[in-house]
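Numbering (the numbering used here), first residue to last: 12 to 206.
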């Protein structure tokens, strides 16, 4: 798949690996499953971008996806007699919040929509999710959280707002390259704390 992984070590000599996961549920689902089940990975922290659904959330804001709603049929594979509510591991949420606090970085915590379609052909379809209090949209957290739950592992998504559906605004490519460092700092401190 030509996705490179880089492994480094914390001050305590514990390893942390960094790699891309591709885009969308199928891609992160494959990587998460293989990392958890074949490579002995216990925790995956995803960093990425999202589109804000709420007026109090601005470009560059950071979100911790505590829970993940979806319009995908990802959980169909589990043959459940209901709807699975996917969520981050609570210890990771608390650790990330503490990391953000230590760095004096404000964050939003809540529910995101994890969808197969970021730019939906139904222009106002996102508004129904926003009315339910969903903070933002992205495309990976539901598959990651579900896979972690199924395999009894830990997962967390930390996101930077790159688009605003409310204000019809988005970061440029250059801004995306330079504007994600605060999110990455939180993720690194979180990973070091749980490694």
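Idealized CB from N, CA, C, for every residue including glycine.
On the criterion of 16 or more Cβ atoms from any shown chain inside 10 Å, does residue i qualify as buried, or is it exposed?
{"i": "residue 76", "result": "buried"}
{"i": "residue 40", "result": "buried"}
{"i": "residue 187", "result": "exposed"}
{"i": "residue 122", "result": "buried"}
{"i": "residue 12", "result": "exposed"}
{"i": "residue 68", "result": "buried"}
{"i": "residue 192", "result": "exposed"}
{"i": "residue 132", "result": "exposed"}
{"i": "residue 194", "result": "buried"}
{"i": "residue 20", "result": "exposed"}
{"i": "residue 145", "result": "buried"}
{"i": "residue 172", "result": "buried"}
{"i": "residue 42", "result": "buried"}
If you compare alpha carbons, which of the options is closest to residue i?
{"i": "residue 140", "options": "13, 84, 165 and 65", "result": "65"}
{"i": "residue 204", "options": "56, 47 and 32", "result": "56"}
{"i": "residue 126", "options": "54, 62 and 30", "result": "62"}
{"i": "residue 201", "options": "50, 113 and 30", "result": "113"}
{"i": "residue 80", "options": "48, 177, 161 and 154", "result": "154"}
{"i": "residue 91", "options": "177, 192, 157 and 107", "result": "157"}
{"i": "residue 78", "options": "206, 34 and 143", "result": "143"}
{"i": "residue 174", "options": "54, 130 and 89", "result": "130"}
{"i": "residue 60", "options": "50, 124 and 89", "result": "124"}
Excluding the 5 residues flanking residue i on each side, which residues of the same chain have their C-beta closer than 6 Å to its C-beta?
{"i": "residue 111", "result": "118 and 197"}
{"i": "residue 28", "result": "16 and 18"}
{"i": "residue 177", "result": "66"}
Less than 8 Å between the CB atoms is what I'm expecting for residue i and residue j, so what's the real figure, rounded?
{"i": "residue 17", "j": "residue 190", "result": "22 Å between Cβ atoms; not a contact."}
{"i": "residue 52", "j": "residue 169", "result": "Residue 52 to residue 169, Cβ: 17 Å. No contact."}
{"i": "residue 36", "j": "residue 150", "result": "7 Å"}
{"i": "residue 74", "j": "residue 166", "result": "Not really, about 15 Å apart at Cβ, beyond 8 Å."}
{"i": "residue 120", "j": "residue 103", "result": "Wrong, their Cβ atoms sit about 12 Å apart, outside the cutoff."}
Closer than 8 Å by C-beta to residue i: which residues in its own chain qualify, once you throw out the five before and the five after it? Chain order, please.
{"i": "residue 162", "result": "44, 47 and 48"}
{"i": "residue 30", "result": "14, 15, 16, 17 and 42"}
{"i": "residue 159", "result": "43, 47, 55, 100, 165 and 166"}
Tell me which residues share the same chain as residue i and place their Cβ nearer than 7 Å to its Cβ, disregarding the 5 neighbours each side in the sequence.
{"i": "residue 106", "result": "201, 204 and 205"}
{"i": "residue 38", "result": "32"}
{"i": "residue 116", "result": "73, 193 and 197"}
With contact counted as at least three CB pairs below 8 Å, one residue from each stretch, are the region 17-28 and the region 88-106 in contact? no
Contact the region 178-194 vs the region 82-93: 3+ CB pairs below 8 Å: no
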